[in-house]
Structure formats: structure tokens, C-alpha cells
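Asks:
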Amino acid sequence: MSSLPYSQSCENNKAAIAAVIEQCFSQASQVLEVGSGTGQHAVHFAKLMPHLIWQTSDQSIYHDGINAWLLAEPSINLRPPLTLDVTQAWPISQLEKPVIDGIFTANTLHIMSKAMVEEFFKGIGEHLALHGQLCIYGPFNYNGQYTSDSNRNFDLWLYEQNNQSAIRDIEWIIELANKQGMELITDHPMPANNRLLHFEKLSK
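For the sequence shown, this note's numbering begins at 59 and goes up steadily by one.
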């Protein structure tokens with residue numbers, strides 16, 4: 059396992075995330091994970107949800123690491139990564155099934171620029187099926203305020219890495235989702251000052 063890409067935060071949060079998304083995706087047949095990162099989440103979640111296809115995706119530079127995890131911990135319902143850049147056309151034709159009824163992403167919106175976040179939601183609006191489920195994990199601000207000192211420090215660190223990255227305001231995220239026909243179902247509190255936002259696509 060030592061040769062595999064590894065994120066301690068993924069290891070720490072995978073059980074808490076799984077406990078929520080197993081319910082959210084209980085009726086889903088195909089979940090697209092946007093930004094699979096190391097691949098740790100994918101191999102864990104696919105095993106827990108054998109009723110659905112778990113489709114990984116990310117920028118091509120991360121594919122080798124994701125594929126290494128898929129090889130180390132294979133699941134019959136786990137698919138190798140597609141190249142997905144939220145600012146470009148989504149590779150829908152490469153999906154095993156034509157319908158996406160679940161989308162999951164973790165710790166991506168604070169890495170993306172604001173323009174990329176807007177494009178992300180436009181893509182979801184275009185491709186997520188009616189009554190499909192969207193689950194977003196990560197830190198968020200409320201009423202323009204940090205929820206903890208650790209989140210404030212993390213946001214400063216993000217800015218030092220890339221001045222387009224930042225913890226996003228939940229009100230803005232909900233607004234973007236609403237514009238694409240999605241409604242917030244539940245805002246789940248998670249460990250380490252994170253949240254898991256569960257949306258449902260209720261209209262086109």
C-alpha cells in the first residue's frame with residue numbers, strides 16, 4: 059500500500075461520509091465522482107454500495123494514482139477514471155449508462171476558482187437526471203463567517219497556494235444549485251468542521 063497515493067484526511071473522513079451517502083444514493087444506479095483525487099474514497103464507497111456503478115473522474119494527472127487504488131482494491135462496480143475538466147464538455151458518452159442519477163464530490167469546491175464552481179453547477183444542471191442526488195463534502199462559511207479557527211487558517215493557506223481558491227459561502231452554493239433546478243435536502247454536520255450537502259434535482 060505504501061506505493062499508493064495517500065491522503066490522511068480521506069482515511070479519516072471516509073466512514074462518516076459513507077454513513078450519509080449510502081442513504082442519499084440508495085436508489086441510484088450510477089454515481090459520477092467528480093474529482094476522485096487519490097482514489098481512496100472510490101474504492102471504499104464502491105464496496106459499500108454494490109447496487110450502483112461508481113464512476114471515477116479527475117484531471118488526467120491523477121489517473122495513475124486512481125488506477126493504482128482500483129487495482130489494489132478492485133470492485134466489480136468500480137470504473138476507471140474519466141478525464142473531467144469542469145470548464146470543458148463532460149465525457150458523458152464514455153459512461154457505462156446514459157443516465158447519471160448521482161454525483162459526489164469531496165474537497166473540490168474550495169480548490170476550484172469561483173468561475174469553475176459556476177461551471178461545475180452548470181454541468182450538473184445539464185447532466186444530472188431529474189430526481190438525481192448530489193452530495194458535496196467540504197468546509198463552508200455561513201453568513202460570510204468561518205465556522206472555526208481551523209477553517210480560517212485553512213482558508214489563508216488555500217490563498218497562499220492559489221489566490222483563486224477559497225472556502226465558499228454556503229448561501230452562494232445553494233443559489234447556484236437552485237438555478238440548476240436543485241434543492242438542498244439536508245446540510246449534514248461532519249467531523250473536523252466540514253459539512254455534507256445533499257441536494258436533489260427537482261426540475262430541469
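Don't be surprised by glycine CBs; every beta carbon is placed ideally from N, CA and C.
1. Beta-carbon within less than 6 Å of Ile75's beta-carbon, same chain only, minus the 5 sequence neighbours each way: which residues are those?
2. If you measure between the beta carbons of Asp159 and Ala86, is that distance less than 7 Å?
3. Find the nearest neighbour of His99 within the set Thr163, Cys82, Asn201 and Asn221, judged by alpha-carbon distance.
4. With burial defined as no fewer than 16 other Cβ atoms inside 10 Å of the residue's Cβ, what is the status of His256: buried or exposed?
5. Where Val144 and Asp207 are concerned, what is the direct C-alpha to C-alpha distance, given to the nearest angstrom?
6. Please state if the CB of Gly97 and the CB of Trp127 are separated by a distance shorter than 7 Å.
7. Report the partner residues of Gly123 according to the DSSP bridge assignment.
8. Is Pro247 near Ile225, with beta carbons less than 7 Å apart?
9. Less than 7 Å separating the beta-carbons of Ile243 and Glu258?
10. Which same chain residues end up closer than 6 Å to Val78 when comparing Cβ atoms and leaving out the 5 residues on each side of it in sequence?
11. Around the Cβ of Tyr120, are there at least 16 other Cβ atoms within 10 angstroms (buried) or fewer (exposed)?
12. Looking at the strands, I want to know which residues DSSP matches up with Arg137.
13. Note the first and the last residue of the continuous beta strand (DSSP E) segment covering Gln222.
Replies: The relevant details are as follows:
1. Taking Ile75 as the centre and dropping the five residues before and after it, the same chain places the C-beta of Tyr195 closer than 6 Å to its C-beta, in chain order.
2. Yes, the pair counts as a contact, with Cβ atoms nearer than the cut-off.
3. Among Thr163, Cys82, Asn201 and Asn221, the Cα nearest to that of His99 is on Thr163.
4. With 16 or more other CB atoms across the displayed protein chains lying within 10 angstroms of its CB, His256 is buried.
5. Rounded to whole angstroms, Val144 to Asp207 spans 30 Å at the Cα level.
6. It is a contact, given that the beta carbons lie within the stated cut-off.
7. Note: Gly123 sits in no beta bridge, so no partner.
8. Taking the C-beta atoms as reference points, Ile225 is found no nearer than 7 Å to Pro247.
9. Yes. Within cutoff.
10. Exclusion of the five residues before and after Val78 leaves His246 and Leu254 as the residues of its chain whose Cβ lies within less than 6 Å of its Cβ.
11. That one is buried.
12. The secondary-structure analysis by DSSP pairs Arg137 across a beta bridge with Gln113.
13. No beta strand (DSSP E) contains Gln222, which DSSP labels as neither H nor E.
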